[in-house]
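Residue numbers (the working numbering), protein chains in the order written: chain D, 17 to 325; chain R, 17 to 325; chain A, 17 to 325; chain Z, 17 to 325; chain V, 17 to 325; chain S, 17 to 325.
Ideal Cβ positions, reconstructed from N, Cα and C, are used throughout, including at glycine.
Small disclaimer: the values here were computed from a predicted structure and weren't measured.
Quick notes on the structure that follows.
Protein chains: 6
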Amino acid sequence: PPSAEFVARPSGIASMFKLPIQDSPVGLDAAFVGVPIDTGTSNRPGARFGPRQIRAESSMMRVYNGSTRAAPYQSLMVADIGDVNVNMYDLKDTCRRIREAYQKIVAGGCIPLTLGGDHTISYPILQAVSEKHGPVGLIHVDAHADTSDVVLGEKIGHGTPFRRCVEEGLLDCQRVAQIGLRGSAYSADAYQWNREQGFRVVQAEECWWKSLTPLMTAIRKQVGDGPVYLSFDIDALDPSYAPGTGTPEIAGLTPSQALEIIRGCRGMNIVGCDLVEVSPPYDTTGNTALTAANLLFEMMCVLPKIKYF
Amino acid sequence: PPSAEFVARPSGIASMFKLPIQDSPVGLDAAFVGVPIDTGTSNRPGARFGPRQIRAESSMMRVYNGSTRAAPYQSLMVADIGDVNVNMYDLKDTCRRIREAYQKIVAGGCIPLTLGGDHTISYPILQAVSEKHGPVGLIHVDAHADTSDVVLGEKIGHGTPFRRCVEEGLLDCQRVAQIGLRGSAYSADAYQWNREQGFRVVQAEECWWKSLTPLMTAIRKQVGDGPVYLSFDIDALDPSYAPGTGTPEIAGLTPSQALEIIRGCRGMNIVGCDLVEVSPPYDTTGNTALTAANLLFEMMCVLPKIKYF
Amino acid sequence: PPSAEFVARPSGIASMFKLPIQDSPVGLDAAFVGVPIDTGTSNRPGARFGPRQIRAESSMMRVYNGSTRAAPYQSLMVADIGDVNVNMYDLKDTCRRIREAYQKIVAGGCIPLTLGGDHTISYPILQAVSEKHGPVGLIHVDAHADTSDVVLGEKIGHGTPFRRCVEEGLLDCQRVAQIGLRGSAYSADAYQWNREQGFRVVQAEECWWKSLTPLMTAIRKQVGDGPVYLSFDIDALDPSYAPGTGTPEIAGLTPSQALEIIRGCRGMNIVGCDLVEVSPPYDTTGNTALTAANLLFEMMCVLPKIKYF
Amino acid sequence: PPSAEFVARPSGIASMFKLPIQDSPVGLDAAFVGVPIDTGTSNRPGARFGPRQIRAESSMMRVYNGSTRAAPYQSLMVADIGDVNVNMYDLKDTCRRIREAYQKIVAGGCIPLTLGGDHTISYPILQAVSEKHGPVGLIHVDAHADTSDVVLGEKIGHGTPFRRCVEEGLLDCQRVAQIGLRGSAYSADAYQWNREQGFRVVQAEECWWKSLTPLMTAIRKQVGDGPVYLSFDIDALDPSYAPGTGTPEIAGLTPSQALEIIRGCRGMNIVGCDLVEVSPPYDTTGNTALTAANLLFEMMCVLPKIKYF
Amino acid sequence: PPSAEFVARPSGIASMFKLPIQDSPVGLDAAFVGVPIDTGTSNRPGARFGPRQIRAESSMMRVYNGSTRAAPYQSLMVADIGDVNVNMYDLKDTCRRIREAYQKIVAGGCIPLTLGGDHTISYPILQAVSEKHGPVGLIHVDAHADTSDVVLGEKIGHGTPFRRCVEEGLLDCQRVAQIGLRGSAYSADAYQWNREQGFRVVQAEECWWKSLTPLMTAIRKQVGDGPVYLSFDIDALDPSYAPGTGTPEIAGLTPSQALEIIRGCRGMNIVGCDLVEVSPPYDTTGNTALTAANLLFEMMCVLPKIKYF
Amino acid sequence: PPSAEFVARPSGIASMFKLPIQDSPVGLDAAFVGVPIDTGTSNRPGARFGPRQIRAESSMMRVYNGSTRAAPYQSLMVADIGDVNVNMYDLKDTCRRIREAYQKIVAGGCIPLTLGGDHTISYPILQAVSEKHGPVGLIHVDAHADTSDVVLGEKIGHGTPFRRCVEEGLLDCQRVAQIGLRGSAYSADAYQWNREQGFRVVQAEECWWKSLTPLMTAIRKQVGDGPVYLSFDIDALDPSYAPGTGTPEIAGLTPSQALEIIRGCRGMNIVGCDLVEVSPPYDTTGNTALTAANLLFEMMCVLPKIKYF
Ligand SMILES: [Mn+2]
Ligand SMILES: [Mn+2]
Ligand SMILES: [Mn+2]
Ligand SMILES: [Mn+2]
Ligand SMILES: [Mn+2]
Ligand SMILES: [Mn+2]
Ligand SMILES: [Mn+2]
Ligand SMILES: [Mn+2]
Ligand SMILES: [Mn+2]
Ligand SMILES: [Mn+2]
Ligand SMILES: [Mn+2]
Ligand SMILES: [Mn+2]
């Protein structure tokens with residue numbers, strides 16, 4: 017993509033990082049894809065505009081990672097392949113559309129970097145990813161466990177995706193880590209089910225006041241060499257950093273911890289990533305979307321083929 | 017409800033107009049009901065918070081209509097009966113829940129004054145209302161005709177409610193008026209189907225620069241003495257007056273025209289009213305919700321039993 | 017003041033119209049004064065920051081009136097004399113402070129052009145003005161009559177100033193006009209008391225769809241040659257034009273009508289003007305304050321000494 | 017109250033945590049009460065809408081404390097008893113009204129959990145609480161000491177409540193802790209008077225970079241078994257977490273520290289709590305109110321009768 | 017472009033109206049082009065993000081004009097050809113870049129529909145257009161005349177473009193109409209120079225309270241069959257409709273008048289159009305950009321080749 | 017300046033800290049000066065309104081530093097000397113105007129405390145400062161190095177000022193420290209050039225999780241007794257604390273670290289300070305400007321002549 021040294025930031029169609037736009041994932045090492053829904057949301061909506069806003073704010077990003085020396089565009093063939101055409105009026109049909117779209121994306125080995133959309137989408141994405149790679153490890157960064165069984169009488173929604181994934185055998189439960197969980201709960205022992213599945217559960221309280229680099233060393237060991245999916249719910253961050261989200265919980269992670277988590281994924285066999293739950297109507301300064309763009313850039317910078325200078 | 021002369025406006029639980037809150041419509045002449053959904057929306061969401069925000073801003077309203085001399089609280093037994101418990105994840109199930117809730121409300125003769133919610137809700141409400149009263153006349157104030165057959169492959173959504181109503185015989189088509197229609201269209205002859213049903217279609221262009229009082233005289237004649245439902249989509253207003261809505265169209269009606277329309281319904285046999293599509297996340301000043309509260313107050317002030325001093 | 021042709025708009029201390037700042041009104045034909053209170057407000061506060069925000073936005077104004085050819089700075093000695101030092105914690109003491117400050121301002125013949133502040137302030141200002149000039153005529157532009165007797169048990173507040181003025185004989189009631197009144201009311205015959213005092217009451221409904229130039233011709237006749245005070249509550253305007261105010265009422269006046277009203281005061285013996293109820297926290301775009309700055313500019317442009325080219 | 021598992025978050029009248037609404041505190045262990053004033057504020061107003069906005073955002077809260085395993089609704093009879101009917105135009109009369117209202121609330125042993133309103137209110141609340149319990153210990157979390165003697169010539173306002181409390185013997189000064197104090201000052205030795213009374217003064221600088229759990233251990237020892245009142249001014253938090261407040265001071269506490277402070281009160285004999293100074297007009301994302309709702313939930317979760325699972 | 021009946025509005029890369037994106041104007045009848053600058057602005061900046069925001073909001077637009085029955089996509093080959101790569105740090109160099117870019121666009125007969133950017137850009141665009149077509153007629157809709165000679169010592173800026181155009185002979189002055197002019201002025205006879213050039217000057221005061229359809233009949237006669245350029249400064253609209261702009265002036269045109277003006281251009285030989293001065297940071301609801309998208313759609317719908325059904 | 021104990025915060029003309037306004041720096045130890053430009057900005061504009069907004073929010077500040085016991089107004093003659101009259105349309109000419117204005121300010125020994133404006137302004141300011149004091153040490157707090165050579169083909173802009181300063185010998189490179197640098201980069205080794213000049217480069221990653229007091233001890237040693245200039249780009253702070261800026265980068269410094277840095281400059285021979293890049297249109301709560309006002313207050317409190325009590 018063009019550098020801001022030569023093309024003014026406000027100039028140009030708002031594709032992700034001003035990357036080329038194409039319809040097909042063929043020939044790509046990785047692709048940015050949008051899934052613009054919020055009909056799986058329980059509280060504030062707006063995540064349907066997450067992909068558009070993240071793309072708009074992504075014009076701030078330069079071409080190198082100044083901290084890790086990653087050179088993504090010299091390492092990967094990458095493009096913006098647009099959005100899944102979702103059904104705004106039927107969430108279950110939307111899930112089917114997502115699954116089918118991702119089956120095509122991952123078929124040829126392209127790694128999807130997803131711009132959400134609410135967290136419901138990780139379920140059909142993981143159906144497609146797991147169909148390709150088998151049960152995957154999961155780095156799940158979130159304020160919420162998203163493993164409810166039924167909410168408002170429904171099995172599908174942004175509070176249930178990973179329950180469905182476990183039920184369908186899409187996850188290698190011993191290689192799952194959930195980071196940043198917190199907030200009021202539906203039961204007194206809120207994460208019991210998760211721990212019973214073998215998940216590593218890292219509550220936000222364990223993260224306060226410290227670097228997460230040691231944690232990531234442990235998690236890299238936990239996930240080993242098998243395929244790993246990274247799912248980052250922007251509400252993992254404290255709402256001061258990411259107000260533009262639907263179900264904010266106080267006392268969350270910091271962006272520096274987010275960077276430590278993602279940079280700590282370097283060396284893993286990442287087969288897909290998503291950044292979900294950015295809700296532009298509540299992102300009064302645009303900085304939640306900008307943070308999302310930064311985190312997606314960092315995700316791209318830890319993909320297996322990346323070269324560092 | 018308490019007058020602002022005696023209870024400070026910021027004080028007190030935010031029920032509609034600070035009216036008493038009760039669960040049941042029994043014994044009421046009219047009731048305010050919220051239907052907090054936006055999963056039928058095609059563009060900007062947020063109408064799920066419409067009822068809450070309209071109630072909050074309704075604390076501005078005093079107890080008399082200073083323009084028409086209506087004295088609603090000396091004329092009617094009226095209360096706030098809370099919200100329908102909707103299913104955020106399944107729009108069709110939500111429609112069933114609404115229909116069943118309104119069957120109970122209208123059963124004993126209580127007139128529902130609905131706080132939306134997106135316009136999808138008028139369909140199940142009219143199912144219940146028509147079941148009680150037979151096919152009804154309709155005053156439909158909107159930027160949009162809302163008579164699409166299928167959108168994104170779906171029959172149910174905020175672009176289709178009145179098509180469904182016609183199909184199910186809920187409307188007395190010769191007694192239907194649509195006011196304020198405008199905007200870009202899916203076909204060159206955008207309102208042909210509507211006119212074929214016998215609807216009076218009044219495009220926004222016909223409303224520019226003038227009072228709608230003469231129009232309402234004609235419409236009162238058109239609807240006669242039979243039951244009439246009033247459905248007011250806040251996007252009928254120009255977006256300058258009502259920015260807090262999901263699918264704004266420029267060059268719309270003015271609040272003075274809205275008052276003329278509603279005040280022009282005096283004398284009709286109103287059996288239900290709704291005010292829909294208020295989306296608080298886009299209502300940056302709260303004034304869209306405040307306008308909605310005013311219009312709902314005016315609707316209450318033209319119900320059949322109202323006395324004027 | 018400097019023209020924007022020579023000094024960039026964002027540049028310079030934010031005095032009113034970038035006029036010279038001075039402590040004393042001595043030698044001035046007219047002076048801008050701020051009265052930064054909102055403790056007389058019944059609903060949304062914020063008017064305490066009205067003077068600051070109006071001054072900030074006033075940097076848009078140029079030095080001539082392009083429509084009336086008034087040349088204020090070639091006609092008048094005018095300056096910004098800062099704000100009254102109000103008591104934020106005691107409204108009655110604030111009124112005393114305002115009255116005393118204005119007694120000094122009007123003593124030498126300086127005409128005060130006031131930046132409010134909530135409407136409570138017109139009462140002590142009129143005490144001082146009337147002490148100097150005798151009972152005055154009043155052009156009162158507002159959504160509200162502001163003639164309540166008691167609100168929340170109190171005699172002083174933004175709903176009562178003109179009742180107090182009448183009681184104290186500060187107004188020449190036959191020379192009072194109230195324009196733009198509307199909204200829900202505390203009694204069915206909302207403006208009865210006002211009409212009984214001899215006020216001309218022009219409800220908003222009488223203003224819809226038309227120019228107010230004919231009205232102003234009549235009012236000029238009504239007020240004759242005696243001293244006249246102009247009190248403009250920004251909520252007279254429809255909230256679409258002036259969202260930044262505390263007690264908005266829908267279906268109000270337009271800015272073009274506001275200009276017609278103020279320009280229609282040309283030829284009157286204006287002895288003071290105020291522009292009140294601008295509440296910056298609700299003025300999300302700054303345009304309410306900008307409108308206020310425009311209206312204050314127009315007020316200055318109809319003062320008795322103004323020359324037109 | 018209903019769980020968000022069964023009732024959609026946007027649905028229902030906005031009482032605190034969707035608790036039952038009742039007029040009387042009789043039979044309650046604890047009650048949420050609103051005191052909607054901001055006329056004691058020195059800078060940005062808006063706290064009059066604090067109670068309404070906190071209630072609205074409280075719909076996010078679930079029924080258990082997932083971190084401490086507290087089960088408040090299985091431990092306590094608790095309800096929302098509405099707001100004190102304040103006098104917007106006279107701060108001293110408002111104080112009288114608050115004191116009288118709280119005398120009734122505490123009479124039968126109900127613990128008040130107050131939604132402010134500006135900090136002035138803690139003075140009349142403590143008059144009532146101390147009348148019931150004798151001089152109380154105080155955990156005062158704030159950016160400001162709020163112990164000025166006179167401001168703008170006045171004894172009553174949000175900068176003076178605890179000075180008045182000390183003068184009237186309402187506090188057991190050896191059992192007072194003030195946490196989070198900072199900012200520019202009226203004198204070089206800003207907290208001298210406080211320390212002379214025996215207060216523990218913990219400036220924000222002492223809190224940077226660390227957990228406050230050790231501090232709370234010391235404070236629990238300090239306050240012992242006597243009655244303790246917890247007064248939490250939301251401006252104790254850094255403005256990044258709580259922008260919606262009137263007198264923000266940079267470099268404040270974090271929400272994690274706030275949780276440590278409140279959770280650290282477990283075991284104290286809490287006789288009342290307040291959360292004050294939430295100003296919705298400056299809370300552009302609603303997250304200040306949401307934070308307040310969380311902190312009030314945590315306060316409820318450390319009341320003496322609470323059971324943990 | 018895809019219809020919102022089949023592709024959800026939030027879905028897809030934000031090109032103008034979701035039109036195909038291409039680099040070259042070859043083969044196009046018309047093309048949307050962005051010129052993202054605001055360095056020619058005198059007051060509030062932000063217009064550099066105008067093109068991006070207009071494209072984002074343009075996703076609301078459907079494929080037919082429901083009012084005029086124009087079918088643009090069945091009439092024209094049209095695409096989005098991206099933005100001019102401007103120099104943010106040197107306005108004069110930016111003008112050169114714009115001129116050169118437009119020389120290429122108009123060379124093969126493609127009609128440019130420009131998304132501004134501040135009004136400075138009309139000058140270099142008209143250099144290119146006039147080089148192709150000879151001196152052109154001009155429909156200039158604006159609050160400002162934009163014919164200052166020098167501002168802040170500079171010849172180039174958003175207050176001077178049409179002065180430069182006249183000096184360089186780019187305009188056929190007898191075929192120029194300026195509509196909507198108003199506001200305070202740098203001299204008492206603000207539009208004297210313009211009238212001396214032969215321009216028709218229609219001040220906003222002449223537009224209040226009425227349809228502009230008769231005016232457009234006169235202007236169609238004035239401009240005849242020669243080439244005409246349409247330059248629409250969004251600040252021509254009243255700030256209530258278009259708050260997102262840099263130099264708002266009160267009492268402006270309405271969107272219905274804007275539609276009458278543009279629809280009134282039907283039959284003219286339009287050779288280019290621009291819509292300038294949309295400033296997203298001040299467009300708190302997105303509706304200024306949405307209005308701009310509507311007006312650009314209407315401009316497309318009056319181009320010479322358009323068919324109406 | 018008046019204390020908020022005696023003059024209400026909303027009251028009075030918005031000069032910096034309500035200090036006296038004067039044209040000339042003669043007789044002053046230090047002066048606040050505004051430089052209202054943003055035409056050197058690469059991304060979001062708005063910094064042209066930085067000085068105005070910082071002054072407005074500075075009304076919160078009291079007269080003593082409660083943390084360091086500095087008494088600035090008993091130590092220094094200080095005033096607000098207004099703004100440089102910049103050329104909004106030509107950045108190079110603006111630089112000339114700034115340089116000439118600052119030559120006059122520093123001539124008599126007055127220390128300039130600058131309210132920016134984008135970071136371009138530090139270049140001409142340092143031309144003037146260095147002309148007076150010789151090459152200066154520099155404490156540069158920023159997310160960005162601002163040492164690009166050419167951006168968009170231009171030498172002058174907010175990404176290049178310190179490159180120009182080095183080229184012109186204005187800096188004593190061994191006494192330069194850059195703190196807080198981070199973000200994506202134009203090359204893999206982003207700060208190589210800087211380190212080659214002898215700068216101390218402290219990346220943000222080195223600052224996470226800790227106090228910067230030890231760093232400042234080292235830097236005080238590094239800069240010794242020679243003249244030092246302090247340039248603080250508000251984007252050094254994490255965007256959660258300072259959203260109102262043009263090129264935000266995530267994971268930045270905290271306000272507590274900012275205070276440690278500035279307070280750590282006590283004892284240096286400070287000859288000038290600036291606080292740049294505050295962009296009010298993106299400062300939705302005003303708290304970025306408030307933070308800037310606090311930091312400028314702290315800068316004043318470490319000037320050489322300051323007395324501590
Ligand atoms: Mn999630
Ligand atoms: Mn989550
Ligand atoms: Mn509708
Ligand atoms: Mn509609
Ligand atoms: Mn008033
Ligand atoms: Mn009023
Ligand atoms: Mn306090
Ligand atoms: Mn405080
Ligand atoms: Mn223009
Ligand atoms: Mn203009
Ligand atoms: Mn910088
Ligand atoms: Mn920077």
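Could you give the residue range of the alpha helix (DSSP H) that holds residue i?
i, result
"Ala123 (chain D)", "Leu107 to Ala123"
"Ala308 (chain A)", "Asn303 to Met316"
"His135 (chain V)", "Counting along the chain, His135 (chain V) falls outside any alpha helix (DSSP H), and DSSP gives it neither H nor E."
"Ala274 (chain V)", "Pro271 to Arg279"
Under a CB-based cut-off of 9 Å, is residue i close to chain R?
i, result
"Arg25 (chain A)", "no"
Does residue i come out as helix, strand or coil in the three-state DSSP assignment?
i, result
"Tyr13 (chain D)", "Summary: the structure shown does not reach residue 13 (chain D), with chain D confined to residues 17 through 325, and so no result is reported for it."
"Asn81 (chain D)", "strand"
"Asp251 (chain A)", "helix"
Quick one: give me the first and last residue of the beta strand (DSSP E) that residue i is part of.
i, result
"Ala46 (chain S)", "Ala46 to Val51"
"Val287 (chain A)", "Asn285 to Val292"
"Ile195 (chain R)", "Leu187 to Leu197"
"Gln213 (chain Z)", "Note, Gln213 (chain Z): premise wrong, no beta strand (DSSP E); alpha helix (DSSP H) at Gln208 to Gln213."
So is residue i in contact with chain D if we call contact Cβ pairs under 9 Å?
i, result
"Asp96 (chain V)", "yes"
Starting from the beta carbon of residue i, find every residue of chain S whose beta carbon is closer than 8 Å, and list them in chain order.
i, result
"Thr55 (chain Z)", "Within chain S, no residue comes near Thr55 (chain Z); the closest Cβ sits about 13 Å away, beyond 8 Å."
Does the beta carbon of residue i sit closer than 9 Å to a beta carbon anywhere in chain S?
i, result
"Pro243 (chain A)", "no"
Can you name the residues of chain R whose CB is closer than 7 Å to the CB of residue i?
i, result
"Ser31 (chain Z)", "Ile29"
Verify the CB distance criterion: does residue i have a CB-CB separation below 9 Å to chain A?
i, result
"Tyr257 (chain R)", "yes"
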